[in-house]
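Beneath this line is the structure, given in structure tokens, with notes to follow.
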Amino acid sequence: MPIPADWPTSEAEALAEQERLRALVEPYGPGPAEGDLVAGVDVAYDDERDLVVAAAVLLDHTTLRVVEEATAVGRIAFPYIPGLLAFRELPAVLDALAALTRTPDLVVCDGYGLAHPRRLGLASHLGVLTGLRTYGVAKTPFTFTSTAPGSERGSWAPLMDVPAGEGGEPGPGEGRAEEVVGRAVRTRTGVKPVFVSVGHRIGLDEATASTLHLARDYRQPETTRRADSLCRRALTDLQRASA
DNA sequence: GCGACAG
DNA sequence: ATCTTGTCGC
Numbered sequence: 001m002p003i004p005a006d007w008p009t010s011e012a013e014a015l016a017e018q019e020r021l022r023a024l025v026e027p028y029g030p031g032p033a034e035g036d037l038v039a040g041v042d043v044a045y046d047d048e049r050d051l052v053v054a055a056a057v058l059l060d061h062t063t064l065r066v067v068e069e070a071t072a073v074g075r076i077a078f079p080y081i082p083g084l085l086a087f088r089e090l091p092a093v094l095d096a097l098a099a100l101t102r103t104p105d106l107v108v109c110d111g112y113g114l115a116h117p118r119r120l121g122l123a124s125h126l127g128v129l130t131g132l133r134t135y136g137v138a139k140t141p142f143t144f145t146s147t148a149p150g151s152e153r154g155s156w157a158p159l160m161d162v163p164a165g166e167g168g169e170p171g172p173g174e175g176r177a178e179e180v181v182g183r184a185v186r187t188r189t190g191v192k193p194v195f196v197s198v199g200h201r202i203g204l205d206e207a208t209a210s211t212l213h214l215a216r217d218y219r220q221p222e223t224t225r226r227a228d229s230l231c232r233r234a235l236t237d238l239q240r241a242s243a
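Here UniProt numbering is used: the first residue of the first sequence is 1, the next is one more, and so on.
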């Protein structure tokens with residue numbers, strides 16, 4: 001599928017679109033239920049040929065069994081600009097999700113949701129566009145900060161957005177308060193944490209519990225691992241086919 | 001202006 | 001994201 005005709009073309013348009021969508025995010029809701037289908041999505045790029053391959057892998061959230069897989073190929077829709085990642089990745093991701101024969105009850109993204117400069121990371125953006133329940137799991141702190149969670153699997157610490165220029169005590173009426181935007185979660189004992197944030201229609205406690213369930217054997221959720229390997233394999237296959 | 005910066 | 005070998009450890 002081609003990139004949507006109304007997809008933002010400039011940074012200014014993208015910022016305006018985020019401003020419009022941010023009001024529609026619902027940062028609360030239940031976690032997955034017994035037998036729910038969870039989708040993992042991820043993308044791989046070939047900047048040389050301006051190609052992007054997205055993968056969507058459906059798992060049974062309870063058993064972690066793979067139920068279905070789908071991929072989609074497209075043109076890169078937007079340059080990589082921190083804070084505007086969704087505009088680069090989502091067109092292909094939407095196509096991959098559409099290629100599934102079943103609708104996921106939850107989508108786990110590789111990146112952030114509410115933990116975003118304007119509170120609309122790709123997970124939240126995807127949730128608002130599709131109405132699906134979503135959350136994000138990122139591998140690095142981006143611009144946020146947290147204290148180190150305990151070293152045991154299951155430990156976590158709040159992920160904070162610290163307003164710029166806040167060194168001392170912000171007197172009454174001065175500055176903006178620090179805001180909890182997610183959690184640094186230790187999914188494996190002794191291994192660096194991942195960063196969980198709400199996307200849409202799910203709460204932070206629920207997203208954290210789901211992450212720990214999906215990341216029982218590895219640092220990253222099984223959904224992300226499966227989607228990551230699938231899209232890279234698909235990209236490699238595609239590259240070798242055209243050569 | 002400069003540096004930092006999800007993937 | 002992607003470019004890239006071997007190596008230490010469970």
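Cβ atoms here follow ideal geometry from the backbone N, Cα and C, with glycine treated the same way.
Check whether residue i and residue j have beta carbons under 9 angstroms apart
i: A234; j: A44; result: yes
i: A157; j: A123; result: no
i: L106; j: R133; result: yes
i: G113; j: G29; result: no
i: G136; j: S197; result: yes
i: residue 246; j: M1; result: What the structure shows of the chain is the stretch from 1 to 243, and residue 246 is not part of that stretch, so it cannot be assessed.
i: L120; j: L94; result: no
i: P117; j: T145; result: no
i: V66; j: T224; result: no
Cβ-based neighbour list, residue i, same chain, cut-off 7 angstroms, excluding 5 preceding and 5 following
i: A96; result: V41, A54, A55, A56, A70, T71, A72
i: A77; result: I3, W7, F87, R88, P91
i: R102; result: L37, L58, E68
i: A209; result: G31
i: K139; result: V194
i: C231; result: D42, V43, A44, V53, A54, A55, T71
i: S151; result: R186, T189, G190
Limits of the beta strand (DSSP E) - the one that residue i falls within
i: L58; result: 51-60
i: A138; result: 134-138
i: L106; result: 106-110
One or two residues paired with residue i in a DSSP bridge
i: P75; result: Before going on, a small fix: residue 75 reads as Arg here, not Pro. Beta-bridge pairing links R75 to L51.
i: W156; result: V185
i: S197; result: G136
i: D6; result: BP columns for D6 are empty, so no partner.
i: E179; result: D161
i: Y45; result: V52
Check: residue i C-beta below 8 angstroms from any heavy atom of the ligand SAM
i: A55; result: The ligand SAM is absent from the structure shown, which contains no ligands of any kind.
Neighbourhood of residue i by C-beta, 8 angstroms cutoff - its chain only, sequence neighbours within 5 removed
i: L212; result: R153, G154, V185, T187
i: L24; result: V128
i: E11; result: I81, L84
i: P237; result: Note that residue 237 corresponds to Asp in the displayed sequence, not to Pro. If we look at D237 and ignore the five residues flanking it on each side, it has no Cβ neighbours.
i: P79; result: R88
Residues near residue i in its chain [Cβ-Cβ closer than 6 angstroms; skip 5 each side]
i: E17; result: P8
i: A215; result: T187, P221
i: E34; result: T62
i: V52; result: V43, Y45, G74, I76, A92
i: L226; result: One detail in the question is off: residue 226 reads as Arg in this sequence, not Leu. Cβ neighbours of R226 beyond the five flanking positions: G40, V57.
i: E179; result: D161
For residue i, three-class secondary structure by DSSP
i: E40; result: According to the sequence as given, residue 40 is Gly; it is not Glu. If DSSP states are grouped into helix, strand and coil, G40 belongs with the strands.
i: T208; result: helix
i: V93; result: helix
i: A148; result: coil
i: A86; result: helix
i: A70; result: strand
i: L24; result: helix
i: A215; result: coil
i: A98; result: helix
First through last residue of the alpha helix (DSSP H) which encompasses residue i
i: A234; result: 222-241
i: V128; result: 122-130
i: L15; result: 11-21
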